[in-house]
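S.K.:
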């Protein structure tokens, strides 16, 4: 063993993976999950800024509508080390905002949201910021004042004019849904006040489509885990075409090739299962 002192591993933050470089001499540095009260508050305001920046500058909701449908979510310890029901802590956070302890600032010119949590009994304010750049979803800045990369707009293939959906923009209006389906849709929107819309379709046509008062077919919406269905479909197509051998192949990430690191066990199927989207037009995000 070496008597040389090693620096402690940096905590893993959900939005900024600061896991130390695995290459080099000696054992791999451990992953450290910071579940201190300050770290949990930091993640709470980070995620709040992320959701609000998506609602304002990706989905293009006005501030009143965004704040009306925004729900606070207190962070829990990462790594699956604990569990907290969603309702726990929400009322406390909402009350802190009402009394001015939590302040939300929105910069329309910079497409940025900053959430500041002031608590004299806790110490220094906890600040979380997120920004949305054209062509991207919201990006959490964490402790940084600016993005750590230069975002370039991503070209997206537009639907062909006049061609039948889903390859084109010609959408045949679906017939009125059966009464039992209409009742189910009414119940869904009554209990899911933050939903943008719902769409049921076959590969050839739309069977049923309805949007909330602030949703629309062309309104971008954060897709989150809905993108997994799209990713899995694309992966299956790649295998069918012979462009990909197997989902059990090692993920082609250089930092995951160190034989001493557990990252070497990550395969393409694990990566696909973790994929999340940033924002797509509603018809795309709903699984088309």
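Residue numbers (the working numbering): 6 to 293. Note that the Cβ used here is the ideal one computed from N, Cα and C, for glycine as well. The structure displayed is predicted, hence computed values, not measured ones.
1. Please tell me whether residue 45 and residue 80 are closer than 7 Å, where the distance is taken between their beta carbons.
2. Would you kindly work out how many angstroms separate the C-alpha atoms of residue 18 and residue 67, rounded to a whole number?
3. Can you give the Cα-Cα distance for residue 130 and residue 166, rounded to whole angstroms?
4. Does the region 42-61 come into contact with the region 107-124, if we say contact requires no fewer than three beta-carbon pairs (one atom in each stretch) closer than 8 Å?
5. Quick one: residues in its chain with C-beta nearer than 8 Å to the C-beta of residue 106, no 5 flanking neighbours on either side, listed in chain order?
6. Counting beta carbon pairs with one atom in the region 225-245 and one in the region 59-79, are three or more of them shorter than 8 Å?
7. Taking contact to mean 3 or more Cβ pairs, one atom from each stretch, closer than 8 Å, check whether the region 141-154 and the region 179-189 are in contact.
8. In three-state terms, what does DSSP make of residue 97?
9. Looking at the structure shown, is residue 60 part of a helix, part of a strand, or coil, going by DSSP?
10. Using DSSP bridges, identify the partner residues of residue 186.
11. Just checking residue 65 against the ligand NAD - is the residue's beta carbon closer than 6 Å to any of the ligand's heavy atoms?
12. On the DSSP bridge list, what partners appear for residue 119?
13. Leaving aside the five residues before and after residue 60 along the sequence, list all residues of the same chain whose C-beta is less than 6 Å from its C-beta, in chain order.
M.R.: The structure says:
1. yes
2. Confidence is the limiting factor: at residue 18 the pLDDT is only 49, short of 50, which leaves the residue's position unreliable, though a coordinate-based value still follows. Each residue's Cα considered, the two are about 30 Å apart.
3. 51 Å
4. yes
5. 122, 123 and 124
6. yes
7. no
8. helix
9. helix
10. In DSSP, residue 186 forms no bridge with anything.
11. This structure lacks the ligand NAD, and indeed carries no ligand of any kind.
12. 110 and 134
13. 66 and 71
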